[in-house]
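This report refers to the structure that appears directly beneath it.
Residue numbers (this note's numbering): 121 to 236.
The following block contains the structure:
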C-alpha cells in the first residue's frame with residue numbers, strides 16, 4: 121500500500137517538479153531485529169527466528185547503503201527517476217538516470233503482480 125501511495129503521489133506531483141520514490145533498504149539490523157531474537161523461536165516462529173539470528177550475526181545490511189541511495193535520490197542526477205521502488209542492495213541505482221530504457225518503461229522498478 122505504501123509503495124502504491126508513493127507511485128500515486130509521483131504522478132500527481134510530477135507537474136510541480138516534485139519526484140517521489142520508495143526505498144527498499146535491505147535487511148538492516150534494528151530494534152525489531154532485537155525484539156524478534158528476544159522473543160525467541162517459540163513466539164517469533166522458528167524460521168523467522170533463525171533467519172533473523174543469521175542476519176544479526178552477519179551484521180545485516182549496512183544502513184549506509186540506504187543512506188547513499190537517499191542521497192542520490194535527493195541529487196539533481198536523479199531528476200528523471202520518479203514513481204519507482206528502488207532497492208538499496210539489489211538495484212544498480214547509481215547510474216539509473218543514464219538508463220532511459222528503464223525509465224521510459226512504467227512497469228520497471230515498480231511493485232506489480234504480473235500474471236499471464
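All residues carry an ideal CB built from backbone N, CA and C; glycine is no exception. Note that the structure is a prediction, hence the values are computed from the model and not measured.
Runs of the alpha helix (DSSP H) lying entirely within the region 137-208, each at least 4 residues long, are 151-164, 166-178, 183-194 in chain order.
No residue range can be given for residue 232, since it is assigned to no alpha helix (DSSP H) and is classified by DSSP as neither H nor E. Sixteen is the threshold: since fewer than 16 other Cβ atoms of the shown chains lie within 10 Å of the Cβ of residue 219, the residue is exposed. Of the residues assessed, residue 168 falls on the exposed side of the cut-off, its CB having fewer than 16 other CB atoms within 10 angstroms. Ranking 135, 140, 134 by CA distance to the CA of residue 125 puts 140 first.
Listed in chain order, the non-local C-beta contacts of residue 228 below 7 Å within the same chain comprise 222, local neighbours out to five positions each way being set aside. Nearest in C-alpha terms to residue 210, of all of 128, 147, 129, is 147. Membership of residue 127 in the alpha helix (DSSP H) is indicated by the continuous run 122-133.
In the displayed model, residue 213 falls within a helix according to three-state DSSP.
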